[in-house]
Amino acid sequence: MSPHAIPNGTKSPSPASDASAASSHVVKANPFGASVDPHLLKNTAYTSPATIISQAVYALSSTIFSYETVGAANLVDAHLQLWASHFKRQNAVGVVPPFHRFEPRAGSANAILGYAASNVSSTGPHTAVLGANALPYMQPTLAVAAKLPLSLNVSAIDFDETTSSLVSNYATPLAVARNLGFPVIGPVDAHSALELQYTTVLSHFLAALLKSPSLHVFDGPEFARLFAKYEDILSVADVGRLYQQLVSSLAANELSLDQAVSTAFEVFNKVAGTNLKPFEYEGHANPETVFVAFGANEASELSGVISKASTSAPVGLVKVRVPFPFNQEQFVASVPSSARKVVVVSAENGSTLKADVAAALFLGGRFGSVSVEEFVHPANFVWAPIPTLKVISEYASVDPAVVLASQPTAPPANITANTSPEGSFLFWTRDNSDIVETCSKLALSLSLDDSKTVSYRNKYDTSVAGGIAQAQVVSAAKNSTVSTSVDAADVVLIEDVSILNHYDILATAKPGAKIVLANHKKINNNIEQDFVEKLPLDFKRTLAKSRSSLTVIDFSLIEELDAVSDSTKGFSADFLTQVAFWRAALPELDGFIVNKLLQANGNDFELLAAVLDKFVATVDEKNALKEVEIPEEWVDLEEVVPEAQIETEKVDEKAEKEDHNGDTKSEKEAEAEEEPEPLPFFPTESSFFPNPRAEDTGAEDNFHKGKSDAAVKLAFPEAYGVTKDLRPDLPVKNFVVKVQENKRLTPSEYSRNIFHIEFDVTGTGLKYEIGEALGIHGRNNADQVESFLEFYGVDGDSLVEVTNKDDSSLLEIRSARQALTDNVDFLGKPPKRFYESLAPYATEEKEKAALENLASGAGAEELKKRQEVDFASYVDILEEFKSARPAFEDLVKIIAPLKRREYSIASSQKMHPNSVHLLIVVVDWVDSKGRTRYGHCSKFLSDLRIGDELVVSVKPSVMKLPKLPEQPIVMSGLGTGLAPFKAFIEEKIWQQEQGHKIGEIYLYMGSRHKKEEYLYGELWEAYKDAGILTHIGAAFSRDQPQKIYIQDKIRSSIEDLTDAIVKKEGSFYLCGPTWPVPDITACLEDIVKHGAEKAGQEIKDVAKVVEDMKEDGRYILEVY
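Quick note: the sequence shown uses the UniProt record's numbering, first residue 1, plus one each step.
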């Protein structure tokens, strides 16, 4: 056991106890040891901020009312329940506080009122712990309890639907507090135990002072899941004594809310010998830019960066401890008089902080000399040093070298078994991997060095790849101020190569970092040929550019390592991972690695050092850790695309640049081979737990048993929750429209079918704006549906229950034919999850093994070939694996639903009030079996006849015209990327008809041949002849020996475009594939630079000017 871990003074709870499985995950999440006794949390301990707050709450509470939280029902009360209900620990006043837990629902707060009414002799404030989500339910009851002393300890934990992540939501607690007139206090330093305890005590004291509720609001995910070394923790007895001293100083006077807050701070500072204030300033003595933040996590990260930046830049930070009531006078006093800009940091889910700041400065006479700006960040914004520095740099001139500078640490002079390196470490694993536990063991081993302070934070992203876990571990010199959030790691360990497909992992590694990557596949030749050669090209390029090293852990040798000793059998992967980490993080350890392995497994694991010594020797003998040489030529690696794949129209970036051929937005989304979205740097924290491995299809069971069962459900709808609705899958945002024109624009003999299609929207209520996209809800081909019904032996008229494709909570009873036509994408390409779901149905062991292999990391290469070379469909897989035959009602649950495809609208509704137009190219290619294949939606649309009906919806877009009609517009589009520009010109014509003066209109386009692909050419020429279009710059790349590209046409008009963009503040648009973005951006930079030269000016950072144009909506990209 770690010497600083809190010892278990009492036998651990049994599984049947009150603090069993429900609390165990939260309590045991601390890799440094569970906090089983609040009295042992004192002085120095490895724990979480939430646990420190719980200790202070427990010390002061006579009764604890708890309300379940999102993410984990017991996130804020796990320790309170453990101490009170299981171990019966006494608090500061010698009692075991009764513990009551409730669900957050309407009326649940009435229990507090009822308890208060029956315990009138209770003098101290009552205590509640809850999440932000519970407060709206409690608000009506709290309004009645306005004269009840109640300390509400609110974790800001909430689930953000927009980003599907667990976040801190301060807006809800603050809104409720403002509505009810209750004070709010929150910690400003996530790394100070005293700050956490002081704000808890202050809130409790405020409730006693006001004889009404007060809110103590603190961070959600970070406070619950960050475990670090905390110093100067007050004991339970010390917390109790502090509060009693405060209460003894309490006067009987009735105070207003503002007076109570001021009095509370005054009394607290006098008793505790502190100097706490509602607003704390830190930074440069004479700052020009001052940031303002509420929330300990963001304030702490801002503080860490600003404390360094302020040594050379005039920046500062005001940390808000009391956001309500907002004391305007004290806030103005906290902002140094030199400040000229105040930047308020707010989450996009709503904040009144900017309004409070602006009002305070205005009424304080500072508004004329200080501008107020606001940085609004997504709810799931990752507060780490580099993102924080970028935020600060948007508003102040800061030298990144000063902030990010780090002194290289020399290896420790005297290596011992407890020696730990300094550094930041990242571990990426599948969330069900045993290596998740290995990460916490390594954190424990690192913490045994008393000269270091270690932090541990893990996150689960269950939204990708079946579930991914990331662990961040920081080991820093004692008393140092290193961020606990890792965005530049010294060592990165990646447990499975498939994770590289979902995250840009090297973006969070320092230049020169040590990368440790695991291989699970059997090596037939050598690591370089069988594994390294097949790594993603981007990964290899970045490795070479960053001069990082690469070590491969060969997990394919686990069976051979298991044979070393019966004592290590089953633990080889864990030990091998630990050896790999220590070799990378502190190579000087040498033989002490054995000690590290022993330390990590604690007293519960008995192993002889000699056995581990032999294990490490076998690792070296078998070459289980292979250092890979990274050739310099990796910097210039380019992807070699198979000839067959080039012909499929899913061309790569290089082929796109040669052809100047643009696909529509929806085609890119429809086909997996299209230009991918940039990979995220950080995981989305969507859960506090690993993904359940049971298949979740949205509909838990097949409740439909046949026609007679359907009749019973229709006869007794109330009993079965059945509703009779016309097309319940169509929410109000969807519309049924008719085809009124479908016209091919390219010659019939030409290889590419590009067509114009119009839909009649008369009487549908469908409205759309310029630049928006039309979502097409396509259907599967009727002949292919019948063919599959025959192949699978299903009666097309038989009934089956399927999950609604837009709402997984809604079940539909449909015929098998309808389900295949409208609901399931059986002609699409199956993801890895399908193979995993299909494997249990295979009756032949060989086929079952093959399916399981495709669903594992070992089968990644084969799976990639099936998806990207063979283009295998669900039907192909079912035909290949003949023994895997789920019942049809089960099959439709494991096939992905049909998804809508979106296309840029090519018309203005002001010119075409009863129709909507699209410009589409049919995606077709020949697969490895010689079959002609098609993009689902583009083929569906091309086959539609006049009068056919289909379902559509409208999606907003960033493609908007300038606010003033006379502002010029410059439009550049490739292929079908011209669609929105037809709509733009039609809108301009309408503006002119309304009497507006319209600005110049420049159109640039690119395609192969004028004869075949001059899309809407007659329209453009007519518009130019009519004086609507100012200029047409058409680049047909294959019509002359010298290839001409769209950027060439743009540069040939640089004088006119300089006048339109620079002088007249016009807007520039690009629509089409992503590949020309750098070239077009370079053209725009040349235009800006040329404008400056003509005006006799010099622009030092022209790229920033263009970026600012993006921010201002004057450089708009709609690329895919």
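Where is the CB? At the ideal position from N, CA and C, for every residue including glycine.
A296 sits close to F218, with the two beta carbons spaced by under 8 Å. By a beta-carbon distance limit of 8 Å, P830 contacts I877. Their separation comes to about 6 Å. For H777, the enclosing beta strand (DSSP E) stretches over residues 773-777. In the three-state reduction of the DSSP assignment, P400 falls in the helix class. A straight line joining the alpha-carbon of V635 with that of A489 spans about 21 Å. Straight through space, the alpha carbons of D530 and A617 are spaced by roughly 24 Å.
If you look at Q578, you'll find it in the alpha helix (DSSP H) that goes 572-585. Within the same chain, Cβ atoms closer than 7 Å to the Cβ of E862 are found at L854, the five residues on either side in sequence being excluded.
P692 and G466 have their C-alpha atoms spaced approximately 9 Å apart.
Of the candidates S451, D356, H917, S451 places its Cα closest to the Cα of K478. Listed in chain order, the non-local C-beta contacts of E195 below 6 Å within the same chain comprise P187, D189, local neighbours out to five positions each way being set aside.
When DSSP assignments are scanned along the stretch 35-99, the uninterrupted stretches of beta strand (DSSP E) that are 3 or more residues long and fall wholly within it turn out to be 43-47, 64-67. The beta strand (DSSP E) runs of length 3 or more contained entirely in the stretch 471-514 are, from start to end of the chain, 489-494. Excluding residues up to 5 positions away in sequence, L500, N501 lie with their Cβ nearer than 8 Å to the Cβ of P536 in the same chain.
One thing to note: A132 has its Cβ no nearer than 8 Å to the Cβ of P183. Excluding the 5 residues flanking it on each side, A177 has same chain C-beta neighbours closer than 6 Å at V184, L215, F324, in chain order. When DSSP states are grouped into helix, strand and coil, M1109 belongs to the helix group.
Annotation for L404: P385, I386, L389, A488 place their beta carbon closer than 8 Å to its own, counting only its chain and skipping 5 residues before and after. Annotation: N524 to E629 spans about 19 Å, alpha carbon to alpha carbon. Taking a contact as a CB-CB distance under 8 Å, the pair F716 and S915 does not count as one, their CB atoms being some 46 Å apart. Taking 8 Å as the upper bound for CB-CB distance, V454 and S475 are in contact here, some 5 Å apart. Contact between the stretch 972-984 and the stretch 940-953 is absent: fewer than three C-beta pairs spanning the two stretches fall below 8 Å. With fewer than 16 other Cβ atoms from the protein chains shown falling within 10 Å of its own Cβ, D797 counts as exposed. C-alpha of P287 to C-alpha of G181: approximately 34 Å in a straight line. Considering only G1027, I1046, L1029, I1028, the residue with the shortest C-alpha distance to F1036 is I1046. By the Cβ criterion, the stretch 43-50 is in contact with the stretch 228-238, since at least three pairs of Cβ atoms, one from each stretch, lie closer than 8 Å. Under DSSP, the beta-bridge partners assigned to E902 are G775.
Scanning the stretch 802-841 for uninterrupted alpha helix (DSSP H) segments of 4 residues or longer gives 832-838, listed from N- to C-terminal end. In this structure, Y456 lies away from S445, with their beta-carbon atoms at least 8 Å apart.
Our two residues, Q994 and A299, have alpha carbons roughly 52 Å apart in a direct line. With respect to S548, E495 sits apart: the two C-beta atoms are not nearer than 8 Å. By the beta-carbon neighbour count (other beta carbons within 10 angstroms, threshold 16), S907 is buried. Taking every protein chain shown into account, the CB of K354 has 16 or more other CB atoms within 10 angstroms, so this residue is buried. Here V318 really is in contact with Y281; their C-beta atoms are around 5 Å apart, less than 8 Å.
Beta-bridge partners assigned by DSSP to C1071: G973, E1118. Under the three-state reduction of DSSP, M1005 is assigned to strand.
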